[in-house]
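Novice: Residue numbers (my numbering): 11 to 239.
Heads up, the beta-carbon is just placed ideally off N, CA and C, and yes, glycines get one too.
Predicted model, so just to flag it, every value in this text is computed and none were measured.
A single structure is presented below for examination.
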């Protein structure tokens, strides 16, 4: 029988965990992204890897109407943030875009979570925005890898496709344009089809962790070797 004080501690911890998980899911762009990150998150939680959630304070917020007519919300972030290189931008650089409804955003913004594996710190950010002059693209998940000295050693774009691999001429053309954009901004793309995500399990996450590690170091990760062999 747990006494009332211990039960209170338990309830606080449970509520906090549920709070962070709800922020994580709310920041995803689609149900299939929630399913993907849910598997990824729970795997490392079960493995006992410390997970730290992050909040970011934007300077302000703009609503942008791009040349396609689609309205999107874009935050203007502080250059002091570790990802400022990709997020600090001047609205005038967004050619073909009309900026309106400028206002100051007071609340903190959920900014993904960090976890450590095989000597690497990974920062996973849902719907990560990448700016490049007149172009803005949102990655399903931007993943930044850091060494023990907190130097960036790799960056990845994890794409969760709701359907199977794109196969039409138009889809392939769009994929090639996006791939060149990502390469220009030093992101290595990793794509999962809908069927792969629905069949996802712990082994899938283990393979992903090893895939990112091998891309950086050209060898299998410590976690992969420990679990696989």
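1. Would you kindly report the start and end of the unbroken beta strand (DSSP E) that includes residue 125?
2. Which residue from 191, 221, 21 puts its Cα closest to that of residue 146?
3. Near residue 62, what residues of its chain come up, given a Cβ to Cβ distance below 7 Å and the 5 sequence neighbours on each side ignored?
4. Could you compute how far the alpha carbon of residue 225 sits from the alpha carbon of residue 170?
5. Can you grab the Cα-Cα spacing for the pair residue 55 / residue 150, in whole Å?
6. Opposite residue 133 in the DSSP bridges: which residues?
7. Can you tell me whether residue 50 is helix, strand or coil according to DSSP?
8. To the nearest angstrom, how far is it from the Cα of residue 66 to the Cα of residue 135?
9. With C-beta atoms as the reference, is residue 33 less than 8 Å away from residue 47?
10. Which residues does DSSP list as the beta-bridge partners of residue 204?
11. With three or more beta-carbon pairs closer than 8 Å as the criterion, would you say the region 151-169 touches the region 194-205?
12. Where does residue 228 fall in DSSP's three states?
13. Per DSSP, what kind of secondary structure is residue 64 in: helix, strand or coil?
14. Can you tell me the Cβ-Cβ gap for residue 152 and residue 132, rounded? I've got them flagged as a contact below 8 Å.
15. Going by DSSP, what residue range makes up the beta strand (DSSP E) through residue 166?
16. When every heavy atom of the ligand MN is checked, does at least one fall within less than 7 Å of the C-beta of residue 235?
17. Taking residue 196 as the reference, which of 163, 180, 212, 207 has the closest Cα?
18. Tell me which residue opens and which closes the alpha helix (DSSP H) that residue 194 is part of.
19. In this structure, how does DSSP classify residue 26 when only helix, strand and coil are distinguished?
20. Under the three-state reduction of DSSP, which class applies to residue 197: helix, strand or coil?
Specialist: Working from what's here:
1. DSSP places residue 125 in the uninterrupted beta strand (DSSP E) bounded by 119-127.
2. When each option's Cα is compared against that of residue 146, the closest is 191.
3. Hits under 7 Å: 123, 124.
4. Distance between the alpha carbons of residue 225 and residue 170 is about 19 Å.
5. Distance between the alpha carbons of residue 55 and residue 150 is about 21 Å.
6. The partner list for residue 133 (beta bridge, DSSP) reads 124, 154.
7. In the structure shown, residue 50 sits in a helix (DSSP, three-state: H, G or I).
8. Cα-Cα distance, rounded: 11 Å.
9. It is not a contact, given that the beta carbons lie outside the stated cut-off.
10. Note: residue 204 is not bridge-paired with any residue in the DSSP secondary-structure output.
11. The answer is yes - the region 194-205 touches the region 151-169, with three or more Cβ pairs under 8 Å.
12. Of the three classes helix, strand and coil, the one that applies to residue 228 here is coil, per DSSP.
13. DSSP, read as helix, strand or coil, puts residue 64 in strand.
14. Taking 8 Å as the upper bound for CB-CB distance, residue 152 and residue 132 are not in contact here, some 11 Å apart.
15. Bounds of the beta strand (DSSP E) holding residue 166 are 162-170.
16. Inclusion of the ligand MN in the displayed structure is not the case, the ligand content being empty and no account of it being possible.
17. The shortest Cα separation from residue 196 among 163, 180, 212, 207 belongs to 163.
18. It spans 179-194 - the alpha helix (DSSP H) in which residue 194 sits, taken as one unbroken run.
19. Residue 26 falls in the helix class under three-state DSSP.
20. Three-state DSSP puts residue 197 in coil, outside helix and strand.
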